[in-house]
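**Student:** Residue numbers (my numbering): 1 to 480. I'd like to ask some things about the structure below.
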Ligand code: ADP
Ligand code: GLC
């Protein structure tokens, strides 16, 4: 184990998770370690992480960081065995919510990014120092700036964009409290339309940039770039899309303890009890032949859930059950709840975060709808494929890279794994829903063929981990 990498980020499944970032932060380091890379993680010392990583040893005391009081770096281990550094600053990180709202947000994450840079430059005081600091999303994206502005010698840096929609934009008067020099507040530094941009800083100063699918890596050079497309085009030679994977230790219907009963590709009829149990759990009519379509999603504008709401009459008219699990935007929550109240026999809605129910939805529903306007990678469609719920997705980002539309040709050639539509409109979604329903009702053998193919897809982490390793090695060998 000689290549040393420090991963810094805000989520870690199953302890601190808001979305796919938590899954990636848990699975990718594990896959890299299996390739012989010495990966360690840095996260805030949320209570759940302190408990999970115990016993803990204090390895660094950093004094008052960014007004959050005495900061210490603790070292423990994730259950998967990887060493885990925790930034202990109770004034900043006293709950398990990764993004607790509050005016201290920029300083809180500034402190985390600064600590990542410090660990990168000086090591942990116990003899461990990384060759590369790999940061994830805006919260830690200042680390490459601290390192580049601090001069050589320094570790190399990689920034992974999981979502360009969240950029961490704050008033410029935070520059000094964050310990950034006034001179970097300019368009080719951390300035973004008069604001201080955390993600922008990372895109400017990181040695390499990755994002989570090849299609998203292309899309963000254009309108999906959220105002950063010019900079991304400039840095395109340093940008690469690497598709996320699925952690087979967690996401395997044959061994999943959260399912009522295991099933597998070889024993597909065993999937039916999961559907009936799900219908029962959700208060829907238990009916093997009634199609059950589902949603597992953050309720955010990028997810395109309004397109599903526009199609509620379709579910009613066609006799299709709809099961929705998610939380977020209050207006979307209210609209879905209203739909469930209006059509309790047809629509079931659970607002909240429920890991167990998410597994039962992938394992019990016939289809999973992901009509995202933008989707950097998307993991729910990958889990759905693995669990035999056919994905109905919009052709964007990682959705376009992972689901093969059931066109007559792809179906004939045995390549189809789901249903893909192009335009972000209710009509385009309806057309895909019609195609899915028609296959389900009229050509059920073909539906089952698609299910088998979906479940047989290999979206494991080994291949992506190899691509990251290749990128690290090329970066360390390069002269720039
Ligand atoms: P994003 O990161 O944009 O939210 P992804 O598809 O990459 O989208 O990842 C979403 C992850 O969060 C998946 O693991 C999914 O199962 C999970 N998830 C989303 N919403 C919920 C919820 N309400 N309850 C349980 N798990 C959820
Ligand atoms: C982000 C994206 C999602 C991606 C996840 C993990 O939250 O919205 O598409 O799968 O990060 O990379």
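Glycine is no exception: its CB is placed at the ideal position from the N, C-alpha and C atoms.
1. Given the structure, does residue 375 come close to ligand 4, in the sense that its CB is under 7 angstroms from one of the ligand's heavy atoms?
2. Report yes if the C-beta of residue 162 is less than 7 angstroms from at least one heavy atom of ligand 2; otherwise report no.
3. DSSP three-state call for residue 308: helix, strand or coil?
4. Look at the alpha carbon of residue 445 and the alpha carbon of residue 367, and state the distance between them as a whole number of angstroms.
5. Give a single yes or no on whether residue 483 has its beta carbon closer than 7 angstroms to a heavy atom of ligand 1.
6. Between which two residues does the alpha helix (DSSP H) holding residue 448 run?
7. Reducing DSSP to helix, strand and coil, say where residue 195 ends up.
8. Any chance the segment 211–221 sits against the segment 233–249, with 3 or more Cβ pairs inside 8 angstroms?
9. Less than 8 angstroms between the beta carbons of residue 239 and residue 228, yes or no?
10. Assuming residue 463 is part of the alpha helix (DSSP H), what are its boundary residues?
11. Between residue 117 and residue 304, what straight-line distance do the alpha-carbon atoms span, to the nearest angstrom?
12. For the beta strand (DSSP E) that residue 393 lies in, which residues bound it at each end?
13. Short of 8 angstroms in beta carbon distance, which residues of its chain neighbour residue 360, apart from the five on each side in sequence? Order them along the chain.
14. Hey, is the segment 103–112 in contact with the segment 130–143, meaning 3+ C-beta pairs nearer than 8 angstroms?
15. Report whether the distance from the Cβ of residue 353 to the nearest heavy atom of ligand 1 is below 7 angstroms.
16. Can you give me the C-alpha to C-alpha distance between residue 192 and residue 89, rounded to a whole angstrom?
17. Return the residue from the list 150, 114, 155 and 144 that minimises the CA-CA distance to residue 132.
18. Measure the beta-carbon distance from residue 465 to residue 385 and round it to whole angstroms, keeping in mind my assumption that it falls under 8 angstroms.
19. Which whole-angstrom value is the C-beta distance of residue 190 and residue 174, which I expect to be below 8 angstroms?
20. Just mark residue 55 as buried or exposed, buried being the case when its beta carbon has 16 or more other beta carbons within 10 Å.
21. Below 7 angstroms, is the gap between the Cβ of residue 199 and the nearest heavy atom of ligand 2?
22. I need the DSSP call for residue 328, collapsed to helix, strand or coil.
23. Looking at ligand 1, does it come within less than 7 angstroms of residue 38, judged from the CB to the closest heavy atom?
24. May I have a chain-ordered list of the beta strand (DSSP E) segments no shorter than 3 residues that lie completely inside the segment 211–263?
25. Can residue 74 and residue 83 be called in contact, C-beta distance under 8 angstroms?
26. Return yes when the Cβ of residue 307 is within less than 8 angstroms of the Cβ of residue 426, no when it is not.
27. By the 10 Å Cβ neighbour count, where 16 or more other Cβ atoms means buried, how is residue 417 classified, buried or exposed?
28. Where does residue 46 land, buried or exposed, given buried means 16+ other C-beta within 10 angstroms?
29. Can you have a look at residue 438 and say buried or exposed, based on whether 16 or more other CB atoms are within 10 angstroms of its CB?
30. Apart from the five residues just before and just after residue 161, which ones in its own chain have a Cβ nearer than 6 angstroms to its Cβ?
31. On the three-state DSSP scale, how would you describe residue 166?
32. Measure the alpha-carbon distance for residue 220 versus residue 120 and round it to whole angstroms.
33. Closer than 8 angstroms, CB to CB, is residue 297 near chain E or not?
34. Which residues bound the beta strand (DSSP E) around residue 62?
35. How far does the alpha helix (DSSP H) with residue 387 in it reach, from first residue to last?
36. Quick one: what does DSSP say residue 126 is sitting in, helix, strand or coil?
**Tutor:** In terms of the structure at hand:
1. Here the bound small molecules are ligand 1 and ligand 2; ligand 4 is not part of this structure.
2. Taking the first residue of the chain shown as position 1, residue 162 is located at position 162. Answer for residue 162: yes, Cβ within range of ligand 2.
3. Mapped onto the chain shown, residue 308 falls at position 308. In the structure shown, residue 308 falls within a helical segment according to DSSP collapsed to helix, strand and coil.
4. Residue 445 sits at position 445 when you count from the first residue of the chain shown. Residue 367 sits at position 367 when you count from the first residue of the chain shown. Their Cα atoms are separated by approximately 16 angstroms.
5. Beyond the ends of the chain as shown, which are 1 and 480, falls residue 483; an answer cannot be given.
6. By 1-based counting over the chain shown, the position of residue 448 is 448. That run of the alpha helix (DSSP H) goes 444–456.
7. By one-based count along the chain shown, residue 195 stands at place 195. Reduced to three states, the DSSP call for residue 195 is strand.
8. Enough Cβ pairs lie closer than 8 angstroms, so yes.
9. Residue numbering aside, residue 239 sits at position 239 when the chain shown is read from its first letter. Residue numbering aside, residue 228 sits at position 228 when the chain shown is read from its first letter. No, the Cβ-Cβ distance between residue 239 and residue 228 is not below 8 angstroms.
10. Here residue 463 is taken as the residue at index 463 of the chain shown, counted from 1. Residues 462–477.
11. Here the question's residue 117 lines up with position 117 in the chain shown. Here the question's residue 304 lines up with position 304 in the chain shown. Whole-angstrom Cα-Cα distance: 37 angstroms.
12. Counting from 1 along the chain shown, the entry for residue 393 is found at position 393. Residues 390–394.
13. For the purposes of this step, residue 360 is identified with residue 360 of the chain shown, where counting begins at 1. Apart from sequence neighbours up to five positions away, the residues of its chain that approach residue 360 with a beta-carbon distance below 8 angstroms are 258, 259, 260, 274, 277, 278 and 281, ordered along the chain.
14. Under the three-pair Cβ rule at 8 angstroms, the segment 103–112 counts as touching the segment 130–143.
15. As a first step, residue 353 must be located in the chain shown, where it is residue number 353. In this structure, the C-beta of residue 353 approaches ligand 1 to less than 7 angstroms from one of its heavy atoms.
16. Counting from one through the chain shown, the residue named residue 192 turns up at place 192. Counting from one through the chain shown, the residue named residue 89 turns up at place 89. Computed Cα separation, rounded: 29 angstroms.
17. To locate residue 132, count along the chain shown from 1; it is residue 132. Per the Cα distances, 155.
18. Here residue 465 corresponds to residue number 465 of the chain shown, with the count starting at 1. Here residue 385 corresponds to residue number 385 of the chain shown, with the count starting at 1. Between residue 465 and residue 385 the beta-carbon gap is near 20 angstroms, outside 8 angstroms, which marks them as no contact.
19. Position 190 of the chain shown, counted from the start, is the residue given in the question as residue 190. Position 174 of the chain shown, counted from the start, is the residue given in the question as residue 174. That pair is no contact at about 10 angstroms.
20. In the chain shown, residue 55 corresponds to position 55, counting from 1. By the neighbour-count criterion, in which 16 or more other beta carbons inside 10 Å mark a residue as buried, residue 55 falls on the exposed side.
21. Taking the first residue of the chain shown as position 1, residue 199 is located at position 199. Checking the 7 angstroms criterion, the Cβ of residue 199 is out of range of every heavy atom belonging to ligand 2.
22. Within the chain shown, the letter at position 328 stands for residue 328. Residue 328 falls in the strand class under three-state DSSP.
23. On the chain shown, position 38 is the one that residue 38 refers to. Incorrect: residue 38 has no Cβ contact closer than 7 angstroms to ligand 1.
24. Listed in chain order, they are 239–241.
25. Along the chain shown, one-based indexing puts residue 74 at 74. Along the chain shown, one-based indexing puts residue 83 at 83. No, these two residues do not count as a Cβ contact at 8 angstroms.
26. Here residue 426 refers to the residue found at position 426 when the chain shown is read from its first residue. Here residue 307 refers to the residue found at position 307 when the chain shown is read from its first residue. With contacts defined as CB atoms closer than 8 angstroms, residue 426 and residue 307 qualify as a contacting pair.
27. In the chain shown, the residue the question calls residue 417 occupies position 417. Counting the other CB atoms within 10 Å of its CB gives residue 417 a total of 16 or more, which places it among the buried residues.
28. Indexing the chain shown from 1 puts residue 46 at position 46. So residue 46 counts as buried.
29. The residue you call residue 438 lines up with position 438 of the chain shown. By the neighbour-count rule (16 or more Cβ atoms within 10 Å), residue 438 is not buried but exposed.
30. Taking the chain shown and counting its residues from 1, the one referred to as residue 161 is at position 161. For residue 161, same chain residues with a beta-carbon under 6 angstroms away, outside a window of 5 residues either side, are 211 in chain order.
31. By 1-based counting over the chain shown, the position of residue 166 is 166. The answer is coil: DSSP assigns residue 166 none of H, G, I, E or B.
32. In the chain shown, the residue the question calls residue 220 occupies position 220. In the chain shown, the residue the question calls residue 120 occupies position 120. Roughly 29 angstroms separates the two Cα atoms.
33. Here there is only one protein chain, and chain E is not present.
34. Position 62 of the chain shown, counted from the start, is the residue given in the question as residue 62. For residue 62, the enclosing beta strand (DSSP E) has its first and last residue at 57–64.
35. Position 387 of the chain shown, counting from 1, holds the residue named residue 387. If you look at residue 387, you'll find it in the alpha helix (DSSP H) that goes 380–387.
36. If you number the chain shown from 1, residue 126 lands on position 126. Residue state, collapsed to three classes: coil.
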